[in-house]
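Structure representation (structure tokens):
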């Protein structure tokens, strides 16, 4: 059994895997272009973005791809499915950094953190800045999976009323209300904070239209930390310009990196960060923990209990 | 029974008090200099900073002073105590804005919020910024009263281990550990976040000395939102310059407003805000709620169940 990784881990993590599984041959390369023996791989470990059909065509023995991130939208999923290869990902390891990101940004925005930062630079002691509290507000999370659930848990600690919008609509812990996509309109109407954690799929490119923003409160804050292509930036900027919502916090963009001349950069009602909400110093150790759990099962009975991707659904 | 207020409330709040208590005469002035009949006051409502002994000497009937803030350190407490006047304050109404302030600042600092803000201004898509998560860190709160308890509650939601340092050391909800001032050294040693919510009293001016900062982790963040005179800014800046702690977040200063030429303004390891952590749009309504509760009791049996200040202790 051979595991080929298109990325190096830390020495400690690599050593940990090798020592724990003497029956498995591990081969860690620094990039996919270094991999010259893909035909020998039973298992492939990758960040996903580097995979092409032409590369995979030589991977005759390949049965399982472990993606060390959450998004699989840049992978040739149809080809992979047609060749009976199973994909697992690192979903769930983003829940701490991403939920903390959202709380940081919402608290910071309501608190006028950047205004006080500019005042400090100007040595200006000015208390007449309008700040707001986030307690007892309403948060609607569109695409509420593991990350949304962790965010809702934190939000409830701040006495925020939480609403989940999901495909199934089933009840989930830490949500005061759970509705299906069909009821998204009413869930948008009442929210002070609209949080988008939607993946990029055929159905969500784009998901939000002009009418959605018209439904929202004029004071609503829209935060997108899922995928950038679920909303057309022109539609969003138009909603901001018309005062249909008050502010947008975007960790993701339809094009990444966002081109320097894109109007989102300098829009007065937009806070932009460069897709870092899921970044974490604990990222790789957490992802490898998930891989290990699956590997133990896989060696025993070929099962993969954690984070198996539904390839036709795309997440 | 006459209540004289040295400040105007909102029309709605004034009307609410007048209508609820027809047996009481309410007199709302826009400042203490407008008060010409203090000798008729049974109850005085004030922000506290405006009171002098010479003013109070004419207040022959005065039995109760309601302070619409938390700090009473600028009031002539010895004189007030000698004249058997009871003081209550608005303690507790600060717990939501101040605990949210602390979480906003700590999350924002660990997340490098101001770095990303500068990058947006420069239209720079740079993901190579080291960010940290606050979950599973350790927080020590020095002077843990109502505000500290609310902050600890929020911190625990982020899986942070909380330690209270108080005079009594008694156990409190939402704290993993509760110690007395005698054990402050060990509580400082282990903390990633040291939060000071100490009042300004004879014993706390100053409270922190150079050795306290030497005890702290080099990576520790010191946040002061109590009173500015509990730490000498030179001692603090020296600790930052020597790398004994990594950062200071200060909502309070020994002099307020902080003079423009003060080195704290431009210290690279200091985040300064102009004493706004307790600011809230809900401030006055919440303070008047506390006053109402006391007034109902006072009219019944002269008791004041909420927030009676211990005048010899000073809080």
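Protein chains in written order, with our numbering: chain A, 1 to 315; chain B, 1001 to 1315. Note that the Cβ used here is the ideal one computed from N, Cα and C, for glycine as well.
Query	Result
On the DSSP letters alone, give me the boundaries of the beta strand (DSSP E) that residue 326 of chain A sits inside.	Residue 326 of chain A cannot be examined here, being either before or after the span of chain A that is shown, 1 to 315.
Taking only three categories from DSSP, how would you classify residue 127 of chain A?	coil
Just to make sure I have the definition right: I need the residues of chain B whose C-beta is within less than 9 Å of the C-beta of residue 258 of chain A. Which are they?	1123, 1125
Of all Cβ atoms in chain B, is any one closer than 8 Å to the Cβ of residue 103 of chain A?	yes
Against chain B, does residue 113 of chain A count as a neighbour if the rule is that its beta carbon must be under 8 Å from one of theirs?	yes
Check whether the Cβ atoms of residue 1008 of chain B and residue 1028 of chain B lie closer than 8 Å to each other.	yes
Give every residue of the same chain whose Cβ lies closer than 7 Å to the Cβ of residue 149 of chain A, excluding the five residues on either side of it in the sequence, and list them in chain order.	172, 173, 174
Run through the DSSP bridge pairs and tell me what residue 1028 of chain B is partnered with.	B:1005
What residue does the beta strand (DSSP E) around residue 1252 of chain B start on, and which one ends it?	Residue 1252 of chain B -> no beta strand (DSSP E), and no H or E assigned at all.
Using the Cα positions of residue 1231 of chain B and residue 1184 of chain B, report the straight-line distance between them to the nearest angstrom.	15 Å
Just to make sure I have the definition right: I need the residues of chain B whose C-beta is within less than 7 Å of the C-beta of residue 265 of chain A. Which are they?	1120, 1123
Taking any Cβ of chain B, which residues in the segment 129-145 of chain A have a Cβ under 8 Å from it, in chain order?	129, 130, 131, 132, 133, 134, 135
If we count the other Cβ atoms within 10 Å of its Cβ and call it buried at 16 or more, is residue 1020 of chain B buried or exposed?	exposed
Which two residues bound the contiguous alpha helix (DSSP H) that contains residue 155 of chain A?	146-157
Using a Cβ-Cβ cutoff of 8 Å, what residues of the segment 268-282 of chain A are near chain B? List them in chain order.	271, 272, 273, 274, 275, 276, 279, 280, 281, 282
Could I get the ranges of all uninterrupted beta strand (DSSP E) runs contained in the segment 1033-1076 of chain B, with 3 residues as the minimum, in chain order?	1043-1046, 1064-1067
At a CB-CB cut-off below 9 Å, which residues of chain B make contact with residue 157 of chain A?	1153, 1154, 1156, 1157, 1158
For residue 222 of chain A, write down the residues that DSSP places opposite it in a beta bridge.	A:194, A:248
Secondary structure at residue 1272 of chain B, three-state DSSP: helix, strand or coil?	strand
Is there a Cβ from chain B that is less than 8 Å from the Cβ of residue 47 of chain A?	no
Using a 10 Å radius around the Cβ and a threshold of 16 neighbouring Cβ atoms, would you call residue 1082 of chain B buried or exposed?	exposed
Would you check if the distance between the CB atom of residue 1166 of chain B and the CB atom of residue 1144 of chain B is smaller than 8 Å?	yes
Determine which residues of the segment 1090-1102 of chain B have a Cβ less than 7 Å from any Cβ of chain A, and write them out in chain order.	1096, 1097, 1100, 1101
With distances taken between CB atoms, is the gap from residue 251 of chain A to residue 275 of chain A smaller than 8 Å?	yes
From the DSSP secondary-structure annotation, give me the bridge partner or partners of residue 1115 of chain B.	For residue 1115 of chain B, which the question treats as bridged, DSSP gives no partner whatsoever.
Taking residue 1154 of chain B as the reference, give the member of A:141, A:103, A:47 with the closest Cα.	A:103
Should residue 1108 of chain B be flagged as near chain A, meaning a C-beta pair shorter than 8 Å?	yes
My understanding is that residue 1199 of chain B touches residue 1226 of chain B, with C-beta atoms under 8 Å, so please give their C-beta distance in whole angstroms.	6 Å
Quick check: what's the CA-CA separation for residue 288 of chain A versus residue 13 of chain A?	8 Å
In the segment 1296-1313 of chain B, which residues sit with their C-beta less than 9 Å from some C-beta in chain A, listed in chain order?	none
Can you check which of these residues, B:1192, B:1034, B:1043, B:1070, is closest to residue 1286 of chain B by C-alpha distance?	B:1070
Apart from the five residues just before and just after residue 161 of chain A, which ones in its own chain have a Cβ nearer than 6 Å to its Cβ?	138, 176
Am I right that residue 91 of chain A and residue 146 of chain A are in contact with their C-beta atoms under 8 Å? What's the rounded C-beta distance?	6 Å
Answer yes or no: does any C-beta atom of chain B fall closer than 8 Å to that of residue 116 of chain A?	yes
Is it right to say residue 122 of chain A is buried, meaning 16 or more other beta carbons lie within 10 angstroms of its own, or is it exposed?	exposed
According to DSSP, which residues form a beta bridge with residue 164 of chain A?	A:141, A:178
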